[in-house]
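Take a look at the structure set out below.
2 protein chains.
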Amino acid sequence: LKRSHLKVRFCTNDSQKSRGELVGLLRRLGFDISEEEVTSPAPATCQILKERGLRPHLLIHEGVRSEFEEIDTSNPNCVVIADAGEGFSYQNMNKAFQVLMELENPVLISLGKGRYYKETSGLMLDVGAYMKALEYACGIKAEVVGKPSPEFFKTALQAIGVEAHQAIMIGDDIVDDVGGAQRCGMRALQVRTGKFRPTDEHHPEVKADGYVDNLAEAVALLLQHADK
Amino acid sequence: LKRSHLKVRFCTNDSQKSRGELVGLLRRLGFDISEEEVTSPAPATCQILKERGLRPHLLIHEGVRSEFEEIDTSNPNCVVIADAGEGFSYQNMNKAFQVLMELENPVLISLGKGRYYKETSGLMLDVGAYMKALEYACGIKAEVVGKPSPEFFKTALQAIGVEAHQAIMIGDDIVDDVGGAQRCGMRALQVRTGKFRPTDEHHPEVKADGYVDNLAEAVALLLQHADK
Numbered sequence: 036l037k038r039s040h041l042k043v044r045f046c047t048n049d050s051q052k053s054r055g056e057l058v059g060l061l062r063r064l065g066f067d068i069s070e071e072e073v074t075s076p077a078p079a080t081c082q083i084l085k086e087r088g089l090r091p092h093l094l095i096h097e098g099v100r101s102e103f104e105e106i107d108t109s110n111p112n113c114v115v116i117a118d119a120g121e122g123f124s125y126q127n128m129n130k131a132f133q134v135l136m137e138l139e140n141p142v143l144i145s146l147g148k149g150r151y152y153k154e155t156s157g158l159m160l161d162v163g164a165y166m167k168a169l170e171y172a173c174g175i176k177a178e179v180v181g182k183p184s185p186e187f188f189k190t191a192l193q194a195i196g197v198e199a200h201q202a203i204m205i206g207d208d209i210v211d212d213v214g215g216a217q218r219c220g221m222r223a224l225q226v227r228t229g230k231f232r233p234t235d236e237h238h239p240e241v242k243a244d245g246y247v248d249n250l251a252e253a254v255a256l257l258l259q260h261a262d263k
Numbered sequence: 036l037k038r039s040h041l042k043v044r045f046c047t048n049d050s051q052k053s054r055g056e057l058v059g060l061l062r063r064l065g066f067d068i069s070e071e072e073v074t075s076p077a078p079a080t081c082q083i084l085k086e087r088g089l090r091p092h093l094l095i096h097e098g099v100r101s102e103f104e105e106i107d108t109s110n111p112n113c114v115v116i117a118d119a120g121e122g123f124s125y126q127n128m129n130k131a132f133q134v135l136m137e138l139e140n141p142v143l144i145s146l147g148k149g150r151y152y153k154e155t156s157g158l159m160l161d162v163g164a165y166m167k168a169l170e171y172a173c174g175i176k177a178e179v180v181g182k183p184s185p186e187f188f189k190t191a192l193q194a195i196g197v198e199a200h201q202a203i204m205i206g207d208d209i210v211d212d213v214g215g216a217q218r219c220g221m222r223a224l225q226v227r228t229g230k231f232r233p234t235d236e237h238h239p240e241v242k243a244d245g246y247v248d249n250l251a252e253a254v255a256l257l258l259q260h261a262d263k
């Protein structure tokens, strides 16, 4: 893939890890990739915070804190939540809630809105559940940064200078990956790995432009078409 | 009040304390009251669990655990959440979530659905926020036991053998107390204490049948009418 003229961008909703950690993980899995090739919610959020002069109270995992190093968190005027894992204690949630309730115009930014994810130890509650808890308690609506938000996909496209209609998204989540990319004007392949479930191929609302058994098959398919 | 022929029932949404604790608290405040005069979500939930053969996984505060002493919690086929306070750790929430996801027909019972309450230390997240988190993560709808549910008010009326149209509810929450009681066919007074806010008197959806400055005024009013 790297030897072809195809441009590649890695888009993740992972909000527990910094780009450095993610790249380290992918390199160990054999991917030749650098931090500059990754679009992830944390740096996208930092961009938004800077543009709008927002100073966040952070309810995040320690692993991703380095991404927010340059952000002013004094006298917060918004709350940013990410997949904090064990960090979602009652005390931390209540603190985030209290910060929001003290604001005249409470702004809650959520890095993704996933319901849960799978670990070897079992299913794990994701940030979306805690986003809903704060939305309900405060009577507000969160701004979500990450897939399936169109802004997030556009950021990724801009980074490689490609138009939506020229791009193909490959992902395992039928709604957030495939549906999100399609709403953005991209074509989308679903891989039959990871989150994929057989029922996805008959999803009531989203239909992928194609299905592949794994990432290698998707890459082979792309290279085949690129050669023509 | 006790000397009149009026029948009295205390209805609370408190799900952190057992009836014993509640009565102790009220007695210290000068109320002549016994456990038998209290309608609270925990015993109402136990009734439902028994009727439907449900064995709960309990995510509750230690203070209310004694109310569930006689309930079979082995091999759970539902989840019961109450205001667990610090008990709402990530680990405990995730366990409740996993139990629900393993059930074919996940049943989630929530003792109240309050957004937050006020303590001297500040605003505190209530069980409703965590109910919403589990609803979203599991894609289900919880059954709420407590005000404003009509079943809850009816349980209280049955306990004293009074018809809704004969009863008057006195409470401080315009939606859950006043609105709930009125939907049940009762008349309702709002006290201008506790949760009361001046804007409640112009609430877009709920209008109390009367307002009183405090509980003493409400009692005086009732006795005055009862004497006639």
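Taken in sequence, the protein lines are chains A and B. Heads up, the first sequence stops at 263 in this note's numbering, and the numbers go up one at a time, no gaps. Heads up, the second sequence stops at 263 in this note's numbering, and the numbers go up one at a time, no gaps. All C-beta atoms, glycine included, are put in the ideal place defined by N, C-alpha and C.
Query, Result
"For a test of the three-state rule: what should DSSP assign to HIS200(B), helix, strand or coil?", "helix"
"Tell me which same chain residues have a C-beta within less than 6 Å of the C-beta of GLY58(B), skipping the five on either side of it?", "Looking at the sequence shown, residue 58(B) is not Gly but Val. Taken in chain order, the residues that qualify are ILE68, GLU70."
"Can you tell me the Cα-Cα spacing of LEU84(B) and PRO91(A), whole angstroms?", "43 Å"
"Please name the residue in SER53(A), GLN51(A), GLU72(A) whose C-alpha comes closest to that of VAL43(A).", "GLU72(A)"
"Please state the DSSP three-state secondary structure of ILE144(B).", "strand"
"Since VAL162(A) and SER50(A) are thought to touch, with beta carbons under 8 Å apart, how far apart are those beta carbons, to the nearest angstrom?", "6 Å"
"For the stretch 176-262 of chain B, which segments carrying the alpha helix (DSSP H) assignment without a break, of at least 4 residues, lie completely within its bounds, in sequence order?", "185-195, 215-218, 250-262"
"May I have the straight-line CA-CA distance separating CYS113(A) from GLU170(B), to the nearest angstrom?", "25 Å"
"Would you kindly work out how many angstroms separate the C-alpha atoms of ASN250(A) and LEU158(A), rounded to a whole number?", "The sequence given here places Leu at residue 250(A); Asn does not occur at that position. So the alpha carbons of these two residues sit roughly 23 Å apart."
"So is ASP161(A) in contact with chain B if we call contact Cβ pairs under 9 Å?", "yes"
"Buried or exposed: which applies to HIS237(A), given that a residue is buried once 16 or more other Cβ atoms fall within 10 Å of its Cβ?", "exposed"
"Along the alpha helix (DSSP H) that carries PRO78(B), what are the first and last residues, could you check?", "76-87"
"Who are the Cβ neighbours of LYS230(A) in its own chain at under 6 Å, not counting the five residues just before and after it?", "ASP207, ASP208"
"On a Cα-Cα basis, can you pick out the residue from THR234(A), GLU198(A), GLY181(A), ILE144(A) that is closest to ASP212(A)?", "GLY181(A)"
"Between the stretch 108-127 of chain B and chain A, which residues of the former have a C-beta closer than 9 Å to a C-beta of the latter?", "ALA119, GLY120, GLU121, GLY122, PHE123, SER124, TYR125, GLN126"
"Just checking, does the stretch 106-121 of chain A make contact with the stretch 211-227 of chain A on the three C-beta pairs under 8 Å criterion?", "no"
"List, in chain order, every chain B residue whose beta-carbon is nearer than 9 Å to that of LEU224(A).", "Going along chain B, no residue has its Cβ under 9 Å from LEU224(A), so there is no contact; the nearest lies around 26 Å."
"Do the stretch 127-136 of chain A and the stretch 145-159 of chain A touch if we need at least three Cβ pairs shorter than 8 Å?", "no"
"What's the gap between the Cα of LYS189(A) and the Cα of ASP235(A)?", "25 Å"
"What is the C-beta distance between SER39(A) and ALA223(A), in whole angstroms, given that I count them as a contact (C-beta under 8 Å)?", "Actually they do not touch by this definition, with Cβ atoms about 20 Å apart."
"Between MET166(A), ASN129(A), TYR152(A), TYR151(A), which has its C-alpha nearest LYS153(B)'s C-alpha?", "ASN129(A)"
"Since MET136(A) meets chain B, which of its residues come closer than 7 Å, beta carbon to beta carbon?", "LEU158"
"Any beta carbon of chain A sitting closer than 9 Å to that of ALA164(B)?", "yes"
"Return the CA-CA distance between ALA77(A) and LEU60(B), expressed in angstroms with no decimal places.", "48 Å"
"Determine, for GLY59(A), whether the minimum Cβ-Cβ distance to residues of chain B falls below 9 Å.", "no"
"Output yes if chain B places a C-beta closer than 9 Å to the C-beta of LEU143(A); else output no.", "no"
"Could you work out which residue in PRO183(A), ILE144(A), THR155(A), ALA243(A) is closest to LYS167(A) when comparing CA atoms only?", "ILE144(A)"
"Note the first and the last residue of the continuous alpha helix (DSSP H) segment covering LYS130(B).", "125-137"
"When you measure from the CB of ASP49(A) to every non-hydrogen atom of the ligand PLP, does any distance come out below 8 Å?", "Absence of the ligand PLP from the depicted structure is noted, as is the absence of any ligand whatsoever, leaving it without description."
"Does DSSP classify GLY149(B) as helix, strand or coil?", "coil"
"Taking CB distances under 9 Å as the criterion, tell me whether ASN129(B) reaches chain A.", "yes"
"Determine, for LYS182(B), whether the minimum Cβ-Cβ distance to residues of chain A falls below 9 Å.", "no"
"Suppose you measure from the CA of ALA164(B) to the CA of GLY149(B); what does that come to, to the nearest Å?", "8 Å"
"Comparing C-alpha positions only, which one of PHE45(A), HIS200(A), GLY147(A), HIS96(A) sits nearest to THR80(A)?", "GLY147(A)"
"Within 9 Å of any Cβ in chain A, is that where the Cβ of ALA172(B) sits?", "yes"
"Identify the contact partners of GLN133(B) in chain A, using a Cβ-Cβ distance below 8 Å as the criterion.", "GLY157, LEU158"
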